[in-house]
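J.:
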Amino acid sequence: MATYPFHLYRILSLSFFLFACLFYLEGKIALKKDHHISMIGAGMGSRMIHYGHFETEMQLRFPRYRLVIRNMCDEGNTPGFRPHPGRPQEEQFAFPGAKNLVPPRFLAQSAPAGFFENPDQWLTRLQTDIILAFFGFNSSFSGPEGLEAFKKELAYFIDHSLRQRYNGKSQPLMALISPTAIEPTQGVTTGESQNANLKLYTDAMRAIAKKKRINFVDAYNPSQTWFKSGKRHTVDGALLNDLGNQKLAKLLCDHIFGRGNPNEKRRSSVHDAVMDKNFYWLNDFKIPNGVHVYGRRYNPFGPKNYPFEIQKTRQFTEIRDRAIWAAGIGQGTRLFFDDEAPGDSRLSAGWSFVGNPEPVLSGSKSLLRSGKGNTQVVVDNFRYPHEVTDREEEFFAWVYLDPKNPPKQIMIQFHNGNWEHRAFWGQNLIPYGIDGSTGRRRMGNLPSKGKWHRLSVRAHQIGLGVDSKIYGMAITQWGGKSYWDRAGVHFGNINLDEEDRKTIRLPKVETNYRS
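In our numbering, the protein residues as written are 1 to 515.
#1: In its own chain, which residues sit with a C-beta less than 7 Å from the C-beta of E126, not counting the 5 before and 5 after it?
#2: So, using beta-carbon positions, are V378 and L368 closer together than 8 Å?
#3: Mind checking whether K277 and R320 have CB atoms under 8 Å apart?
#4: What are the start and end residues of the alpha helix (DSSP H) that includes W325?
#5: What's the call for F301, buried or exposed, on a 16-neighbour Cβ count within 10 Å?
#6: Measure the alpha-carbon distance for I494 versus V235 and round it to whole angstroms.
#7: Could I get the ranges of all uninterrupted beta strand (DSSP E) runs contained in the segment 426-487, with 3 residues as the minimum, in chain order?
#8: Any contact of the segment 93-109 with the segment 288-299, i.e. 3+ C-beta pairs under 8 Å?
#9: Among R61, E309, W425, S178, which has the Cα closest to the Cα of N138?
#10: Apart from the five residues just before and just after R163, which ones in its own chain have a Cβ nearer than 8 Å to its Cβ?
#11: Thinking just about the alpha-carbon of each residue, which of I329, T375, T225 is nearest to the one in A474?
#12: Going by beta-carbon coordinates alone, are L361 and S482 separated by less than 8 Å?
#13: For G328, which residues in the same chain have their Cβ closer than 7 Å to its Cβ, ignoring the five residues on either side in sequence?
#14: Rounding to the nearest angstrom, what Cα-Cα distance links G86 and R322 in this structure?
#15: So R61 is in the alpha helix (DSSP H); what residue range does that whole segment cover?
#16: Any chance you could list the beta strand (DSSP E) runs of at least 3 consecutive residues sitting entirely within the segment 325-362, in chain order?
#17: Tell me the DSSP bridge mates of Y400?
#18: What does a CB cutoff of less than 8 Å around E392 pick up in its chain, not counting 5 residues either side in sequence?
#19: List the endpoints of the continuous beta strand (DSSP E) containing S366.
#20: Using only the alpha-carbon positions, how far apart do Y65 and M44 sit?
#21: DSSP beta-bridge partners for F395?
#22: Helix, strand or coil, according to DSSP, for P85 in the structure here?
#23: Are the beta-carbon atoms belonging to N405 and G426 less than 8 Å from one another?
#24: Can you tell me whether V188 is buried or exposed? The criterion is at least 16 other CB atoms within 10 Å of its CB, across all chains shown.
#25: Around the C-beta of K247, are 16 or more other C-beta atoms found within 10 angstroms, so that it is buried, or is it exposed?
#26: What residue does the beta strand (DSSP E) around F216 start on, and which one ends it?
#27: Considering Cα atoms alone, identify which of G450, G168, T438 is closest to P407.
#28: What residue from S366, T313, R82, D242 has the CA that sits closest to A42's CA?
#29: If you pair each beta-carbon of the segment 242-262 with each one of the segment 214-222, do three or more pairs fall below 8 Å?
#30: Is S38 helix, strand or coil when you go by DSSP?
#31: Taking the Cβ atom as the reference point for each residue, do D380 and H415 lie within a distance shorter than 8 Å?
#32: Is it right to say T577 is buried, meaning 16 or more other beta carbons lie within 10 angstroms of its own, or is it exposed?
#33: Determine whether the beta carbon atoms of R440 and I434 lie at a separation below 8 Å.
#34: Quick check on the burial criterion: 16 or more other C-beta atoms within 10 angstroms. Buried or exposed for G330?
#35: Starting from F116, trace the beta strand (DSSP E) in both directions and tell me its first and last residue.
#36: Name the residue from E340, I214, G332, Y384 whose alpha carbon lies nearest to the alpha carbon of S366.
Encoded structure:
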């Protein structure tokens, strides 16, 4: 048996130790299918939900993982302080003992009241497997004098979180994310004094993460490199803009979960689905006028009005999770309008949404169109255009023709740099396009009156091919009265492979309509 000098064993042992440290520093969180990721923290994390780039990047990198991502961040949060007007004074703190760790200014008696769930209850409700924690920015305003108190507060928060079993089985995996730097902004700040504090707090977070053996992402130093590009990455020096959030999303994915191979052709459709889901999640976790839902004005009408609405909103959110997963594998539906037009679009004059007792198919409203001769409404200027990935993609719109005064002709058209992509039903009166061309494709007679019908046309029938980008849609009719609802495009491969069928349930988006 070979023998080695004692000092060689020491060298080998030290080498293994250094390798282990390197592995820790560069290690990634190992994702599993059906993992639930919860984001907690302050303003940087909170604003991410309004851009949607992080979840879009995650769902594109891991399209078959059925990830459930929820953003619980809110401006003003610290590791131990989570203020909410719908919780009692003693429940403004994140964990037992946190009251004794936060700065004294957070102990003000503001007399909040209610039964909004505390952070641990929410993380349990969400069956959290992975926590992404965004802290440090708010605390950095305490400067060097507050650094030791922040380190203690952060360490206690991590210890508390890692003792929990939010998913009912195992302790959560965790990543700690530092703030980004302040971008020099003329007339506002050079960022020098703030960045000095942010660097102190970032370094402290790194040291604590290493000690607690959790993943750490330094967003401070990379952001300073971004700012040197000459492009603006913030709206005011502190708050990241769209470009800043795009870069932050990729930084987080790279450093926490590893590089993937996202399908860029699916980015816009996945992003649309993410933003749709975020709308419903915010109407749950940050429900408007929450003082009536959870707080001191809950009685007398809250018990009657809100429980069903909350349950319904959560069902809407879960349905949209499935829509995200579908879009990630190239299957799904993008809506150009339903109860309203997308927030990233522009409307022409003439849009009029009506509700019951008028005919409504989906949601609570439909688009009313009436008038003499040729009339048209347009929704366009999509911030994220839809990109056609298959010539068989199906563009659709639901229509209800008034029984007493139906239009003589109806038309749908789509903008791909021009409007020469039209399909119509009924007579030949609307003066757009050339007969027989893809700029004026006749699809048949008018549908029957007094009931909802689904109009549809394949992309290739109106001259749209793979890589065509759709920036808008128009509804045109000749005379009469009609109602329109739920219009968009169903996209992706017509035939899902067997693995897709086993791993995903596509949302039912066009059933349960009134006939």
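Cβ coordinates follow ideal geometry from the N, Cα and C atoms, glycine included.
T.: So, from the listed chains and residues:
#1: Walking along the sequence shown from the start, residue 126 turns up at place 126. Rather than Glu, the amino acid found at residue 126 in this sequence is Leu. If we look at L126 and ignore the five residues flanking it on each side, its Cβ neighbours are H36, S38, R70.
#2: Within the sequence shown, the letter at position 378 stands for residue 378. Within the sequence shown, the letter at position 368 stands for residue 368. No.
#3: In the sequence shown, the residue the question calls residue 277 occupies position 277. In the sequence shown, the residue the question calls residue 320 occupies position 320. Yes, the pair counts as a contact, with Cβ atoms nearer than the cut-off.
#4: On the sequence shown, residue 325 is found 325 positions in, with the first residue counted as 1. Taken as a continuous stretch (DSSP letters only), the alpha helix (DSSP H) holding W325 covers 302-328.
#5: Along the sequence shown, read from residue 1 onward, the residue named residue 301 stands at position 301. That one is exposed.
#6: Looking up residue 494 in the sequence shown gives position 494. Looking up residue 235 in the sequence shown gives position 235. Legend: pLDDT at I494 = 41, less than 50; position of this residue unreliable, value from coordinates given subsequently. Answer to the nearest angstrom: the Cα atoms are 42 Å apart.
#7: 441-444, 452-458, 472-478
#8: no
#9: For this step, residue 138 is matched to residue 138 along the sequence shown. The shortest C-alpha separation from N138 is found at S178.
#10: Residue numbering aside, residue 163 sits at position 163 when the sequence shown is read from its first letter. Cβ within range, chain order: Q171.
#11: For the purposes of this step, residue 474 is taken as residue 474 along the sequence shown, with counting starting at 1. The candidate whose alpha carbon is nearest that of A474 is T375.
#12: Along the sequence shown, one-based indexing puts residue 361 at 361. Along the sequence shown, one-based indexing puts residue 482 at 482. No. Outside cutoff.
#13: Here residue 328 refers to the residue found at position 328 when the sequence shown is read from its first residue. The residues are Q59, L60, P63, R266, V270.
#14: The sequence position of residue 86 within the sequence shown is 86, counting from 1. The sequence position of residue 322 within the sequence shown is 322, counting from 1. For G86 and R322, the distance between alpha carbons rounds to 30 Å.
#15: Indexing the sequence shown from 1 puts residue 61 at position 61. 53-61 is the span of the alpha helix (DSSP H), which, as asked, contains R61.
#16: 331-337
#17: Position 400 of the sequence shown holds residue 400. Note: Y400 sits in a beta bridge opposite W452, Y483.
#18: Here residue 392 is taken as the residue at index 392 of the sequence shown, counted from 1. Excluding sequence neighbours, E392 sits near R458, A459, H460, I494.
#19: Locating residue 366 in the sequence shown gives position 366, counting from the first residue. S366 -> beta strand (DSSP E) spans 366-370.
#20: To locate residue 65, count along the sequence shown from 1; it is residue 65. To locate residue 44, count along the sequence shown from 1; it is residue 44. Answer to the nearest angstrom: the Cα atoms are 26 Å apart.
#21: For this step, residue 395 is matched to residue 395 along the sequence shown. Answer is V457, V489, bridged to F395.
#22: Along the sequence shown, read from residue 1 onward, the residue named residue 85 stands at position 85. It is coil, neither helix nor strand.
#23: For the purposes of this step, residue 405 is taken as the residue at position 405 of the sequence shown. For the purposes of this step, residue 426 is taken as the residue at position 426 of the sequence shown. Cβ distance not < 8 Å, so N405 and G426 don't count as in contact.
#24: Position 188 of the sequence shown, counted from the first residue, corresponds to residue 188. Result: exposed.
#25: Against the sequence shown, residue 247 aligns to sequence position 247. By the neighbour-count rule (16 or more Cβ atoms within 10 Å), K247 is buried.
#26: Sequence index remark: in the sequence shown, residue 216 carries index 216 (1-based). Its beta strand (DSSP E) spans residues 215-217.
#27: In the sequence shown, the residue the question calls residue 407 occupies position 407. Nearest option by C-alpha distance: G450.
#28: Counted from its first residue, the sequence shown places residue 42 at position 42. Minimum Cα distance to A42 is reached at R82.
#29: yes
#30: As a first step, residue 38 must be located in the sequence shown, where it is residue number 38. S38 falls in the strand class under three-state DSSP.
#31: As a first step, residue 380 is located in the sequence shown; it is residue number 380 there, counting from the start. As a first step, residue 415 is located in the sequence shown; it is residue number 415 there, counting from the start. Going by C-beta atoms, D380 is nearer than 8 Å to H415.
#32: Because the chain here runs from 1 to 515, residue 577 falls outside it and cannot be looked at.
#33: Along the sequence shown, read from residue 1 onward, the residue named residue 440 stands at position 440. Along the sequence shown, read from residue 1 onward, the residue named residue 434 stands at position 434. Closer than 8 Å, so yes.
#34: On the sequence shown, residue 330 is found 330 positions in, with the first residue counted as 1. When all chains shown are included, G330 counts as buried.
#35: For the purposes of this step, residue 116 is identified with residue 116 of the sequence shown, where counting begins at 1. Neither: F116 is in no beta strand (DSSP E) and is coded neither H nor E.
#36: In the sequence shown, the residue the question calls residue 366 occupies position 366. The residue with the shortest Cα to Cα distance from S366 is E340.
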